[in-house]
Amino acid sequence: MIQLRCFCLLFVLSISSLQAQITIDTERDKENNVNFYANNPNEIPYSVILNFSQLQNMTTPAGGNTTAVANPGRTKVATLKPTLAGQGTSYRYTFSFAKGNVYAKSKVSPSYLVPVSEGTVVKAVLNNPLAATVGDESAKGSYVGVSFMFDQPVQVVAPRKGIIADMKMDAHVAGSNLSFVAEENFIEIYHEDGTFTKLTVLKAGSEKVKLGQLVFPGDILAESGGENYSQGPHIRMINIKTVKENDRLIYQPFPVRFVSDKGDVEIKQYVTFSVVHPEEVKMLEMSKKELKTYQEGK
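Okay, structure coming up:
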């Protein structure tokens, strides 16, 4: 689990001067309430926790801890109200944030395509935690996603409907017989249930999508890499969700089930199968409008 950055602030400070992905500003209204607004410059929602360590003559419905979702743009995330009219007020707070909507839920039980070209024969295996690779026995058993290996480079596709939330595609990996490098190309997709899919070991400059773009299962994202790795051409995939734990936000990896020619499978051990992209999975999360457009385009 990854603990997220936390910013400690006094109410008298100018938050806009801090370099952060999410910033907070405040406004007083005519009732002397203090409204807190999150400014989110990204294409996807973020979760925000405000911790009020001091409240003088002020209250908030959530008490000293408020969790809210900051949608793209500017969103009101909390309100402090004076307890007694005409009295002085002050407050101190910290805030932390994480990508994704901690409250989001899936409308359907999601299915995941294996994120490579249909018909590809893949060898799938659980990834080994980096700490375990360098000898830390305590790291063994930690879930860090799946690797899909194949005989030759393939197109990488979206496993689920979502928005392109982040990417890095300019790393040129040098060397041979590699197992891991510090900087790898990746594309990250945000799903409507608040979860993410991150795909790594991609060919530099091969991206076919842009940040903020809506993609559907089977849409081409990029080309695979890994030819100079010890395991040959492959990609890695991990799914994470943002959860609240002990008044902090963390990213938590979790396993998913993949569609295959052998039925739905959860990768628990080394397995070989052929990739299929069923139409019902492609259409599963489409809205009525998206479904109509898709069917008319066939």
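Heads up: the sequence shown is residues -20 to -1, 1 to 278, going by mature numbering (1 follows the signal peptide of the UniProt record, and there is no 0).
The beta-carbon is built from N, C-alpha and C at its ideal position, and this holds for glycine as well.
Local conformation of E270 per DSSP, three classes: Along the sequence shown, one-based indexing puts residue 270 at 290. Note: E270 maps to helix in three-state DSSP.
In whole angstroms, what is the alpha-carbon distance linking G192 and N81? Taking the sequence shown and counting its residues from 1, the one referred to as residue 192 is at position 212. Taking the sequence shown and counting its residues from 1, the one referred to as residue 81 is at position 101. One C-alpha to the other measures close to 16 angstroms.
Excluding five sequence neighbours on each side, which residues of the same chain lie with their C-beta closer than 7 angstroms to the C-beta of S218? On the sequence shown, position 238 is the one that residue 218 refers to. In the sequence on display, residue 218 carries Ile and not Ser. Cβ within range, chain order: V124, G125, K178, P233.
For V236, which residues in the same chain have their Cβ closer than 6 angstroms to its Cβ, ignoring the five residues on either side in sequence? Numbered from 1 along the sequence shown, position 256 holds the residue referred to as residue 236. Contacts found: Y92, N219.
Any chance the stretch 249 to 260 sits against the stretch 100 to 108, with 3 or more Cβ pairs inside 8 angstroms? Yes: at least three Cβ pairs fall under 8 angstroms.
What residue from A18, F128, P258, G68 has the CA that sits closest to I247's CA? By one-based count along the sequence shown, residue 247 stands at place 267. Closest option to I247, Cα to Cα, is F128.
Quick check: what's the CA-CA separation for H214 versus V195? On the sequence shown, position 234 is the one that residue 214 refers to. On the sequence shown, position 215 is the one that residue 195 refers to. H214 and V195: Cα-Cα distance of roughly 22 angstroms.
Please state if the CB of V96 and the CB of S267 are separated by a distance shorter than 8 angstroms. To locate residue 267, count along the sequence shown from 1; it is residue 287. To locate residue 96, count along the sequence shown from 1; it is residue 116. Inclusion of S267 and V96 in the CB contact set at 8 angstroms is not warranted, their separation being larger than that value.
Which term fits K183, buried or exposed, when burial requires 16 or more other beta carbons within 10 angstroms of its beta carbon? By 1-based counting over the sequence shown, the position of residue 183 is 203. K183 should be labelled buried.
Bridge partners of N20, per DSSP? Translated into positions along the sequence shown, residue 20 becomes position 40. G53, per the DSSP bridge assignment.
Going by beta-carbon coordinates alone, are A138 and D227 separated by less than 8 angstroms? As a first step, residue 138 is located in the sequence shown; it is residue number 158 there, counting from the start. As a first step, residue 227 is located in the sequence shown; it is residue number 247 there, counting from the start. Contact flag unset, no.
In terms of residue numbering, what span does the alpha helix (DSSP H) encompassing M263 cover? Sequence index remark: in the sequence shown, residue 263 carries index 283 (1-based). From DSSP, the alpha helix (DSSP H) with M263 extends over 259 to 263.
If we count the other Cβ atoms within 10 Å of its Cβ and call it buried at 16 or more, is G277 buried or exposed? Taking the sequence shown and counting its residues from 1, one reaches residue 277 at position 297. Looking at its Cβ environment, which holds fewer than 16 other Cβ atoms inside 10 Å, G277 is exposed.
Rounded to whole angstroms, what is the Cα-Cα separation between I144 and I230? As a first step, residue 144 must be located in the sequence shown, where it is residue number 164. As a first step, residue 230 must be located in the sequence shown, where it is residue number 250. If you take the alpha carbons of I144 and I230, they lie about 21 angstroms apart.
Bridge-paired residues (DSSP) for E246: For this step, residue 246 is matched to residue 266 along the sequence shown. In the DSSP output, where bridge partners are listed per residue, E246 has R237.
Alpha-carbon spacing of E23 relative to L60, whole angstroms: Here residue 23 corresponds to residue number 43 of the sequence shown, with the count starting at 1. Here residue 60 corresponds to residue number 80 of the sequence shown, with the count starting at 1. Near 28 angstroms, if we compare the C-alpha coordinates of L60 and E23.
Proximal residues to A58 (C-beta, below 7 angstroms), its chain only, five neighbours per side dropped: Within the sequence shown, the letter at position 78 stands for residue 58. Answer for A58: F16, L30, T40, T46, A48, listed in chain order.
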